[in-house]
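Under full-length UniProt numbering, the residues of the sequence shown are numbered 1 to 109, in order.
Reading through the structure tokens given below for one structure.
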Amino acid sequence: MVKFVAMVRRKEGLDFAEFARLWREEHAPLVLAMPGVRRYEQNLAHQGATRAWPYDGVAEVWFDDKPALHAAFASPAGVTANEHQTVFAGDVSWLLAEEQVWEPEADRG
1 MVKFVAMVRR KEGLDFAEFA RLWREEHAPL VLAMPGVRRY EQNLAHQGAT
51 RAWPYDGVAE VWFDDKPALH AAFASPAGVT ANEHQTVFAG DVSWLLAEEQ
101 VWEPEADRG
């Protein structure tokens, strides 16, 4: 499995609530329409923190492998999703990752 991870800053002039609405209500269905998507998560930055976060959110999109990822982004649905991000995102940094998961052992007590 390979994961596309995108760190997103909202478009200048867009308030956080509208950014969140556009990302969740409009963009998520476009990503889910891409072929080969196995899972999609959006993580919004916690508002009201004592510091300003460098990003407004992080998205994760899972694919079986790199060829599936490349095919998804090259597809008409992928092109549409990529073009749509300009509606709500000002800056997007991304990376490809292979997930490693560690979980704590169950309580033995």
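Glycine residues also receive a C-beta, built at the ideal position from the N, C-alpha and C atoms.
Fully enclosed beta strand (DSSP E) runs of no fewer than 3 residues occupy 39-44, 57-63 of the segment 25-71, in order along the chain. The shortest C-alpha to C-alpha distance from H27 to any of G36, E41, Y55 is the one to E41. Listed as beta-bridge partners of R9 by DSSP are D91.
Around the beta carbon of V31, a 10 Å sphere encloses 16 or more other beta carbons of the protein chains shown; the residue is thus reported as buried. In this structure, the straight-line span from the alpha carbon of D56 to that of A6 is close to 11 Å.
Counting along the chain, E18 sits inside the alpha helix (DSSP H) bounded by residues 16-21. Residue pairing by DSSP places A97 opposite K3 in a beta bridge. Within a 10 Å sphere around the beta-carbon of Q100 sit fewer than 16 other beta-carbons, which makes this residue exposed. Approximately 14 Å separates the beta-carbon atoms of V92 and L22; this is outside 8 Å, ruling out the contact. Here DSSP, grouped into helix, strand and coil, assigns E83 to helix.
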